[in-house]
Structures are given as C-alpha cells and as structure tokens.
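Participant: Structure below; questions to follow.
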DNA sequence: TAGAACTTTCAGTAATTAATGAAAGCTTAT
DNA sequence: ATAAGCTTTCATTAATTACTGAAAGTTCTA
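Residue numbers (our numbering), protein chains in the order written: chain A, 1 to 166; chain B, 1001 to 1166.
Printed below as a string of structure tokens:
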C-alpha cells in the first residue's frame, strides 16, 4: 500500500471513530492529520488535504483549540496562522476525557442529585428514587476516576492500570 | 415538582446524555422509562408514554434487547409482549461497555495494527508510524481495562476503583 | 488611512440520521 | 382454513447536524 493511501485510511478511520463518540467527523480528521504531520500546517493546507471548505476548517480547528489538543503557531516572515497537534497521546486522552466529563457528565450528575430528592411513597416513586440514586452513585464514582485520570501523570496512571488489569 | 414532571425530566436528561454518547435519543429514553418502572410495560404503553410511533418503539426496544439490557416477558392470559430493564446499574454499565468496545474500539485496533506496519524512512513516515503505534498501544490498553471491567463482578471492580481513586 | 492578507461568521444548502405509519408477516384460537 | 391480535419491516418524510462560500471583520504594512 502507498503511504498516501495508508495516511488516508488512518484519517478516515479516525473520523469514523470520532463520529461514534460524539466528536464530529471533520474535527477528528483534522486532528488525525495534524497528529501524523511532523510540521505545522496552515488552514489552506488542511483544506486542501481534506477537501473541506474554509468555514468548516476554521470552525473545527477552533474547536480543537478549545479542547486544548491543537495549538496555533507562527512562522517568521509569514502572516498566516499555522497549527500543530500535541503528539502525546496520554495528554490528549486526558484533555478529551476532562472536557467531555465537564460538558456531558457533570451536568447530568447535577440533575440526578436534584431528582433523587423527589417526595412520595408509591411503589413507583420508590423505584424511581432507587434507580436515580444508583445512577447518581455510579456516575459520580465514574467521574471521580475520570477526574483523577485527567490530573494524573502518565506514569502514575499507567502503573495503576497495570495493577488493575493484572 | 410533580412526580410526573420529575419523571419526564429524568427521561429527557437520559435521552440527551445518550445522544452525546452515540446512543440514539429514543433508545436511551425507552431505557430510562423501563429503568424507573417497577412493572413490565407493553409496546403500546411505551408508545403512549413517550409519544412515539410503533415502528420507532419496536426498533429501539429490539436494539435494547440486542445490547442485553432489556428483556422480553409475558403475562399469563395475554398475548402481548412486555418488557423490563435490568435494574442493576453496574451490570448495565458492563454490558454497554462491552458492546461498544466490540463495535467501535476493536475494529479500530485492528486497523491501527495494520497501518503501523507501513514501510519507509521519511520523516513523514516515521512520524506516522510513531503516532499510530502510540495510539494502538493506548487503545489496546484501554480495551483490556474495559474487558476486565466487563467481566468483573461489582465488588471486585468497586474495590479496585476505590484504590485507584484514593 | 488604504488596501492587502488573512480569519471569522453565518445564512443557506446538503448530507445524515431518526421517526412515521401503512402494509406485510407471524401466531394462536376456533 | 381463517380471522383476530399482535409484531416487524421499510419506503417515505421529518428532524438534526454538518458544510459551504461569500461577505464582513481584523490586523498588518507602508
């Protein structure tokens, strides 16, 4: 297989994985492209490589910067912006994890905490309270693991993981 | 707040959480409804409660059964199917985790394993190989943790988690 | 302060994904 | 064998989500 095809297959696959995890396809593809590119890339270059429009490129590059996994950089004598991705996969995983927890899990925990205070003694309400409490307990626990992960350094977590899987 | 509203808010929130994790809204809502309902429900009842069509209800109930988190049951003297959800949240989490790993993570690992064998010595190809290897290592590790989790009983994993977070 | 080089926005459009409901398919009872 | 009661399918339609590209905005240079 040609390197060009290999590269395309990788970008493509990463896009598919992204969409099934709620990250939009183009965002995942731009990230994939930057991950495997040793130098920085301009918006133009990203547009050309992925055959996407300026607006689309701009929006998704910004989203990647918001997530903290892509950084803007400059070249002397050039006015254009250039971009590169953090190549440390653990760091990337930590940032994504943290960001998604903040956006998706934390608001749900907040709602669950409220809802489990519902008053009443019907069998229906009891079942409700029990389920919501169990979900809240689970989700909070999960979130605290995520938080720990997000703040950890690679070696600490890696050691722990090894123990866990052993 | 009325119990009815509380219930609706819960179903609604669970639907939102579901969509951001690649599980379709209705599927998550039916699951939420069954989780908080002490008795079994028929397709009709689910349709009425969530204001959805017969086809939609049927498709998503089947998906929930495929995932192994909802079960069909019968009532003596009735021909209709009834459904209930497994109320054990840990068990549900295990099944979802396992299912998603199988559908989404494992195929990607397979592709990454192939791609990292790309031949060549350009700086570009070296960066590619390095990134893909790192992703593969990370994803495989993650998957083995998931697998361990999926096979574990609650107490084993809970104890491990406690240690991890401590 | 004019205009070139570049970035951002956003209304309109396209693509994707989910939902509907009528029809076809089963199953059971007589 | 048939019809009632129920489930499943799937072509059509609706809703959602993502993308485009032209125009407006910004920044830098001279």
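Ideal Cβ positions, reconstructed from N, Cα and C, are used throughout, including at glycine.
Quick check: is the beta carbon of residue 26 of chain A nearer than 9 Å to any beta carbon in chain B?
Facilitator: no
Participant: Below 7 Å on C-beta distance, what does residue 1036 of chain B contact in chain A?
Facilitator: 127, 128 and 131
Participant: Just reading off the alpha helix (DSSP H) that residue 1108 of chain B is part of, what are its end residues?
Facilitator: 1106–1115
Participant: Taking 9 Å as the threshold (C-beta atoms), are residue 138 of chain A and residue 1090 of chain B in contact?
Facilitator: yes
Participant: Strictly under 9 Å for the Cβ-Cβ distance: is residue 134 of chain A near chain B by that measure?
Facilitator: Yes, residue 134 of chain A lies at the interface with chain B (some Cβ there is under 9 Å from its Cβ).
Participant: Taking C-beta pairs closer than 7 Å, name the residues in chain B that residue 93 of chain A reaches, listed in chain order.
Facilitator: 1138
Participant: Who does residue 1076 of chain B pair with in a DSSP beta bridge?
Facilitator: Beta-bridge pairing links residue 1076 of chain B to no other residue.
Participant: Our contact map puts residue 1035 of chain B next to residue 104 of chain A with C-beta atoms below 8 Å; I'd like the distance itself, whole angstroms only.
Facilitator: No, residue 1035 of chain B and residue 104 of chain A are not in contact; Cβ-Cβ is about 19 Å, not under 8 Å.
Participant: Mind reading off the beta-carbon distance from residue 3 of chain A to residue 1120 of chain B? Whole number of angstroms is fine, and I expect it under 8 Å.
Facilitator: 6 Å
Participant: Measuring straight from C-alpha to C-alpha, what distance separates residue 96 of chain A and residue 127 of chain A?
Facilitator: 35 Å
Participant: Under 8 Å Cβ-Cβ, which residues of chain B neighbour residue 118 of chain A?
Facilitator: 1001, 1003 and 1006
Participant: Could you give the first and the last residue of the continuous alpha helix (DSSP H) run that contains residue 52 of chain A?
Facilitator: Premise fails: residue 52 of chain A is in no alpha helix (DSSP H) and is neither H nor E.
Participant: Could one say the Cβ of residue 1113 of chain B lies closer than 9 Å to chain A's Cβ atoms, at least one of them?
Facilitator: no
Participant: Tell me whether residue 1117 of chain B, by its Cβ, gets closer than 8 Å to a heavy atom of the ligand NAD.
Facilitator: The model on display carries no ligand, and the ligand NAD is accordingly not part of it.
Participant: Which of the three DSSP states is assigned to residue 152 of chain A in this structure?
Facilitator: Of the three classes helix, strand and coil, the one that applies to residue 152 of chain A here is coil, per DSSP.
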